[in-house]
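Residue numbers (full-length UniProt numbering), protein chains in the order written: chain A, 1 to 252; chain B, 1 to 252.
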DNA sequence: CCACTACCGCGTACGCCGTACCCATTTATT
DNA sequence: AATAAATGGGTACGGCGTACGCGGTAGTGG
C-alpha cells in the first residue's frame, strides 16, 4: 500500500553517491557494508517482494545488520531509491555494436530493452521518478539514444521529442502490462476469480445495452499473449510515424 | 512516501459500490455521510495535497468526522481508491457530438482529454491501477473510444491495440510531465536549485567527454513550453502511424 | 603506551499509517 | 415496551521512516 518517491531527499548527496561513491577516511572501524551491497540487496528485495516490502527494516534484515546501520551509508530511503534507479539502468554491454545501424532498428532495440527493464523490475513503475536524477547510467543511455538519431538533420528539440515519445509509449504500456500481470500473480485473487467477481455487474451492464461495442468484442481480444503482441504492434505503429516525420525532414 | 494500490481489496464490494451504490435498509440512525461526499472529499484532498496526504485520518478530518466512521461506507482505503478512479473518469458531457467525426480527430480528442485528466489529478499517476475495475465511467469511455474506430474494417484486437497504444503513450508522457512539474512546484527545492545541485557533477560529466551529444544539445531543448509542444508532437507522430496502418487495412 | 578523535553499529523512541475490535447511541420494527 | 439493526467513533496493534545518542573500535600524535 505504498508508493515511493525518488528525488525528494538531498539531491546533491544522491548525486555524489552515484558519481563518486563515498571517499573513505582512514580513521575508525572498517565499514562492514558497502553502498553497492545495500543497493543490490534493496533491488533484490524489491524485485522479489514488491515495492511495498521495501522498508529500511527489511533491507537491513536481508543484510543481517541493524536497521539504523544503513543510515551510515545512505542518507535516507529517498536517496536509496535514487541509487536503485541508476543501478538497474546499467546499459547493455554491447552498445558499441550499434554504431552506424539504421535509426529505426536502434530505436526499436531501445524500446524493447526499456520494456524488458520494466518487466525485470516491476517496482520501477511504482517509483515516483519525480526528478530523474542524471546518474552515469541514465546519461549513457541518453547519449546512446541520441546517437541513434545522428545524421538525420533533426534539431535538438526534435531528437529529444522522438526519444521522449518512444520512452513515454513504452513505459506507459509496460505500466499497464506489468501491473496487471503482477496483480494476477501474487494477489490472493486469481485472474479467474477476478473476472468471476466482475461477472455479475458485467451482465447487468451488457443487459443495459449502453455498451454495444464493448460487448461485441471478440472473445480472444484479451487472450493470453496479447501483451507481447501489444508491444511490437504499437512500436511498429509509432516507428511508422517517426519514419514519416524523418522522411519529411529529409525531403525539405 | 506512499504509493497506493487499487483493486486490492474486496473487488465485488468495490464494484457493487460503483454500480449500485448502497441500498439503505430502513432500520437504524440515518447516515450522516454519503459515499459520494467521501469520494469527493478524498479526491479534493489528493488533488490539493498529493497522494501521500491521502490517509483515512485526513479524509475523515476534512469531513469533520471520526476516522473509523468512514469504514461504515467504504470497506477500506483500497476500495476508496477504486471509487476515486471511477469518479474522476466521468466522461465529458458532449461525447454525443462526436458521432460520425473523423477517427483521427476523435482519437486526438481522447488523447488530449486523457492528458488533461492526468494534469488535473496528478495522483492518478501514483495509483497502482493493478486491476482497473470496470466502473460505469470507464466502460463509457471505452465504448466511446471503440465507436471512433467503427467502419474502418478493423478486428477487435486491432481496435483494442490502437486504443491501448494511444492510452499508453499519453499516460506515459503525462507521467513524465506531471511528476516533473509537481516536483518543481511543491518541493522545498526550486527548479533552479535542483539544476544548481546537478551542476557540479554535470560539469564533471561534460569534462569527461563521454557524453558529447548530450552536452551538444541546444540550450532551449528543455525550455518552458516544451511539454505542451511535446504532447501534440508525439500525438501527431503516433496518429501518423495509425493512419499508415488504417490505410493499409483499407487497401487490402 | 596512551589519550584523542573520527567513525561504525545500532537500540530506543516518536509520530505517522491502516484498520480490527468493541461499545454506546439512535432508530424502526415487533 | 422490547428487540433488532445500523451509525458514530474511541482505543489499540503492528507496521513504517528516521532523529538521537551511546558504546565500541581503529588509526593518529604525543
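Quick reminder that beta carbons are idealized off the backbone N, C-alpha and C, glycines included.
Open item on the list: When you compare the region 154 to 171 of chain B with the region 225 to 245 of chain A, are there three or more beta-carbon pairs, one atom per stretch, that lie closer than 8 Å?
Closed with: Under the Cβ criterion (8 Å, minimum of three pairs), the region 154 to 171 of chain B counts as touching the region 225 to 245 of chain A.
Task: Contacts of residue 202 of chain A in chain B (Cβ-Cβ under 8 Å) - done: In chain order, 134 make up the part of chain B whose C-beta sits under 8 Å from the C-beta of residue 202 of chain A.
TODO: Taking residue 143 of chain A as the query, report the chain B residues whose CB atoms sit under 8 Å from its CB, ordered along the chain.
DONE: The answer, in chain order, is 210, 211, 212, 213, 214.
Task: Residues near residue 289 of chain B in its chain [Cβ-Cβ closer than 6 Å; skip 5 each side] - done: Only positions 1 to 252 of chain B appear in the structure, and residue 289 of chain B is not among them; the question remains open.
Open item on the list: Less than 7 Å between CB atoms is the rule here; does residue 106 of chain A satisfy it with respect to chain B?
Closed with: Cβ-Cβ to chain B under 7 Å: no for residue 106 of chain A.
Open item on the list: Quick check on residue 281 of chain B: does DSSP put it in helix, strand or coil?
Closed with: Limits of chain B in this structure are 1 at one end and 252 at the other, which puts residue 281 of chain B out of reach.
Open item on the list: Using a Cβ-Cβ cutoff of 9 Å, what residues of the region 19 to 40 of chain B are near chain A? List them in chain order.
Closed with: Of all residues in the region 19 to 40 of chain B, 19, 20 have a Cβ within less than 9 Å of some Cβ in chain A.
TODO: Pull up the CB-CB distance for residue 98 of chain A and residue 46 of chain A, whole angstroms please, since I reckon it's below 8 Å.
DONE: Under the criterion of beta carbons closer than 8 Å, residue 98 of chain A and residue 46 of chain A do not qualify as touching, at roughly 29 Å.
Task: Cβ neighbours of residue 49 of chain A in the same chain (closer than 6 Å, five flanking residues each side left out) - done: Spatial neighbours of residue 49 of chain A in its own chain (CB-CB distance under 6 Å, excluding positions within 5 residues in sequence) are not present.
Open item on the list: So if I threshold CB-CB distances at 9 Å, which residues from the region 237 to 248 of chain A count as touching chain B?
Closed with: Those residues of the region 237 to 248 of chain A that come within reach of chain B (Cβ to Cβ, closer than 9 Å) are 237, 238, 239, 240, 241, 242, 243, 244, 245.
- [ ] Report the neighbours of residue 233 of chain A on chain B: residues whose CB is nearer than 8 Å to its CB, in chain order.
- [x] What residue 233 of chain A touches in chain B: 161, 165.
Open item on the list: Spatial neighbours of residue 53 of chain A within its chain, please: C-beta separation below 8 Å, excluding the five flanking residues on both sides.
Closed with: Exclusion of the five residues before and after residue 53 of chain A leaves 45, 46 as the residues of its chain whose Cβ lies within less than 8 Å of its Cβ.
Open item on the list: At the level of alpha carbons, what is the spacing between residue 218 of chain B and residue 16 of chain B?
Closed with: Residue 218 of chain B and residue 16 of chain B: Cα-Cα distance of roughly 54 Å.
Open item on the list: Between residue 168 of chain A and chain B, is any beta-carbon pair separated by less than 7 Å?
Closed with: By the rule that beta-carbons nearer than 7 Å mark a contact, residue 168 of chain A touches chain B.
TODO: Run the CB neighbour count on residue 229 of chain B, radius 10 Å, all protein chains shown included, and call it buried at 16 or more, exposed below.
DONE: In this structure residue 229 of chain B is exposed. Its beta-carbon is surrounded by fewer than 16 other beta-carbon atoms within 10 angstroms.
Task: Cutoff 7 Å: residue 156 of chain A Cβ touching any chain B Cβ - done: Yes, its Cβ sits closer than 7 Å to a Cβ of chain B.
Open item on the list: I need the boundaries of the alpha helix (DSSP H) containing residue 123 of chain B, first residue and last residue.
Closed with: Note, residue 123 of chain B: premise wrong, no alpha helix (DSSP H); not H, not E.
Task: residue 21 of chain B versus residue 35 of chain B - alpha carbon distance - done: Rounded to the nearest angstrom, the gap between the Cα atoms of residue 21 of chain B and residue 35 of chain B is 8 Å.
Open item on the list: Would residue 113 of chain B pass as an interface residue toward chain A - the criterion being a Cβ-Cβ separation below 7 Å?
Closed with: Answer no: the Cβ-Cβ gap between residue 113 of chain B and chain A never drops below 7 Å.
- [ ] Evaluate residue 68 of chain B with the Cβ neighbour count: other Cβ atoms within 10 Å of its Cβ, from every protein chain shown; 16 or more gives buried, anything less gives exposed.
- [x] Exposed, by the Cβ-count rule.
Open item on the list: Quick check on residue 251 of chain B - is its C-beta less than 7 Å from some C-beta in chain A?
Closed with: Cβ-Cβ to chain A under 7 Å: no for residue 251 of chain B.
Open item on the list: Does the structure place the region 58 to 75 of chain A close enough to the region 109 to 128 of chain A that three or more beta carbon pairs sit under 8 Å?
Closed with: Touching, no.
Task: Cut-off 7 Å between Cβ atoms - residues of its own chain near residue 138 of chain B, not counting five sequence neighbours on either side - done: Around residue 138 of chain B: 86, 89, 132.
Task: Selected residue, minimal CA-CA separation from residue 126 of chain B, among A:172, A:43, A:164 - done: Measuring from the Cα of residue 126 of chain B, the nearest candidate turns out to be A:172.
Task: Closest by C-alpha distance to residue 74 of chain A, when choosing among A:223, A:168, A:33, A:210 - done: Of the candidates A:223, A:168, A:33, A:210, A:33 places its Cα closest to the Cα of residue 74 of chain A.
Open item on the list: Between which two residues does the alpha helix (DSSP H) holding residue 222 of chain A run?
Closed with: Looking at the DSSP string, residue 222 of chain A is not in any alpha helix (DSSP H), and its letter there is neither H nor E.
Task: chain A contact residues for residue 205 of chain B, given Cβ-Cβ distances below 9 Å - done: Under the 9 Å cutoff, chain A gives 19, 134, 136, 139.
Task: The alpha helix (DSSP H) enclosing residue 82 of chain A, as first and last residue numbers - done: It spans 77 to 88 - the alpha helix (DSSP H) in which residue 82 of chain A sits, taken as one unbroken run.
TODO: To the nearest angstrom, report how far apart residue 13 of chain A and residue 238 of chain A are at their CA atoms.
DONE: Our two residues, residue 13 of chain A and residue 238 of chain A, have alpha carbons roughly 38 Å apart in a direct line.
Task: Within-7 Å CB hit, residue 79 of chain B to chain A - done: False, the Cβ-Cβ gap to chain A never drops below 7 Å.
- [ ] Could you tell me whether the Cβ of residue 173 of chain A comes closer than 7 Å to any Cβ of chain B?
- [x] Yes, its Cβ sits closer than 7 Å to a Cβ of chain B.
TODO: Determine the DSSP secondary structure at residue 160 of chain B, reduced to helix, strand or coil.
DONE: In the structure shown, residue 160 of chain B falls within a helical segment according to DSSP collapsed to helix, strand and coil.
Open item on the list: Quick check on this structure: which residue in B:168, B:222, B:175 has the alpha carbon closest to the alpha carbon of residue 174 of chain A?
Closed with: Of the candidates B:168, B:222, B:175, the one whose C-alpha sits nearest the C-alpha of residue 174 of chain A is B:168.
TODO: To the nearest angstrom, report how far apart residue 148 of chain B and residue 242 of chain A are at their CA atoms.
DONE: One C-alpha to the other measures close to 23 Å.
Open item on the list: Less than 7 Å between the C-beta atoms of residue 240 of chain B and residue 244 of chain A, yes or no?
Closed with: Yes. Within cutoff.
TODO: Closer than 8 Å by C-beta to residue 179 of chain A: which residues in its own chain qualify, once you throw out the five before and the five after it? Chain order, please.
DONE: Here the set comprises 122, 125.
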